[in-house]
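Heads up: the structure comes next, in structure tokens.
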Ligand code: PLP
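In UniProt numbering, the protein residues as written are 2 to 430.
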């Protein structure tokens, strides 16, 4: 299984692979992986790491059930474009997703990534308002939100790293966090947050926003956990103004927060729901845009084709759908949604005492998204680097370090992740 010539593999990578979202000074070939199993990956030198860096490993590496489903689907029907016809895996997966949503959210448009899902959500929003004859163009989102790499999705964000310099592509009011990320999870953040959104919505009925677009936990924007009640208040505001609630659950959907969807913690059903990363457990790319019936049905009056003008040749790829069905089977059979809740609590209890030590200023979380915030970006980078040497992979958005293991991690692996992180923090400080 090991790579025969690690040196050559690294040289080849340095010469030919352009790594996304990476400074050219960073050598990504330093972490050149060979294989994985469960929560562990091995690099080409045979060094093993616990992987808590992944955004999409629902049921870990090398699950035989998912592998078998992928192989079977490749043999049976490896591709067909959903704009021309259909295939059984698409129907089975859409039905499976609908079973976890209210009956009015029964229609799903498949995509290949989170960015595509959010791009589709923005386009669907604009078309919906034109379909119903009351065009609205204004969006409201978090300045620290991240919704993808495409032009529309990055224009929903105010993060400097996604500023494209093309000017305003969408008309977006971007809300700054009213308190520091450390204080956003507490109840004291709710009122100022709601006031900020109410102000952005305004009092002018003729100028109410088309949609508000938010992540339930801000991921790339620094692992920001929002106060309990926020989504419920946002739902109330949307109900009053007719504004669509678009939830970007690209990172949070399919169990990671301890519910199938993060909005289910608050019973605040969105009008458009986008999920992606964990859907097929990272085995293959896929995303899902589920919409309220009235939005779907408005497209009968869409003036160009009488339907949604969005899709890619590989949208709803049958092999990706089969991988997603097999992943959801594991999620259900092994009760991984509840397990994410209990493992997350365990990890938070273990890491909580780090706050105030080794340049750690805060530890917070929702389910199996545990955020360790450092005093500076450099301190966070040093921690991630040290953890890698100690056999633990972590991710660093800004000053935050996010710990997001597979939902199938064992109790011992969670304990080992906490130990390695604590040791690394002490060594890096
Ligand atoms: N939305 C959120 C909340 C994300 O975290 C991401 C990716 O990190 C995206 C959208 C974009 O997804 P993708 O990288 O699959 O295009």
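For glycine and all other residues, C-beta sits at the position ideal for the given N, C-alpha and C. Only a predicted model underlies this, so the values are computations on that prediction, with no experimental measurement involved.
By the Cβ rule, the stretch 281 to 289 does not count as touching the stretch 124 to 139, because fewer than three pairs are nearer than 8 Å. Measuring C-alpha to C-alpha distances from residue 222 to each of 111, 181 and 245 identifies 181 as the nearest. Taking the CA atoms as reference points, residue 110 sits about 25 Å from residue 337. Judged by their CB atoms, residue 252 and residue 216 are nearer to each other than the 8 Å cut-off.
Of the residues 412, 200 and 332, the one whose Cα lies closest to the Cα of residue 60 is 332. For residue 37, the three-state secondary structure derived from DSSP is strand. Runs of the alpha helix (DSSP H) lying entirely within the stretch 196 to 281, each at least 4 residues long, are 231 to 242 in chain order.
Checking the 7 Å criterion, the Cβ of residue 149 is within range of a heavy atom belonging to the ligand PLP. Going by C-alpha positions, residue 65 is about 16 Å away from residue 407. DSSP places residue 143 in the strand class (E or B) of the three-state scheme.
Under the Cβ criterion (8 Å, minimum of three pairs), the stretch 234 to 246 does not count as touching the stretch 167 to 178. Distance from the CA of residue 389 to the CA of residue 13, rounded to the nearest whole angstrom, comes to 22 Å. For residue 360, the secondary structure class from DSSP, reduced to helix, strand or coil, is coil. Note that the stretch 68 to 84 does not touch the stretch 286 to 303; fewer than 3 beta-carbon pairs, one per stretch, sit closer than 8 Å. For residue 291, the enclosing beta strand (DSSP E) stretches over residues 288 to 292. The shortest C-alpha to C-alpha distance from residue 54 to any of 41, 48, 411 and 47 is the one to 41. With a cutoff of 7 Å, residue 196 does not count as near the ligand PLP, since its C-beta is closer than that to no heavy atom of the ligand.
Distances from the alpha-carbon of residue 139 to those of 157, 424 and 420 put 157 closest. Relative to the ligand PLP, the nearest heavy atom lies less than 7 Å away from the CB of residue 278. Annotation: residue 129 is outside any beta strand (DSSP E); the continuous alpha helix (DSSP H) that includes it extends over 115 to 132.
In the DSSP assignment, residue 366 is bridged to 371. Following the DSSP letters along the chain, one finds residue 306 in no alpha helix (DSSP H), marked with neither H nor E. Distances between the C-beta of residue 115 and the heavy atoms of the ligand PLP include at least one below 7 Å.
By the C-beta density criterion, residue 178 is buried, having at least 16 other C-beta atoms within 10 angstroms. With respect to the 8 Å criterion, residue 218 and residue 249 are not classified as neighbours on the basis of their beta carbons. Look at residue 186 here: in three-state DSSP terms it is coil, with no helix or strand label.
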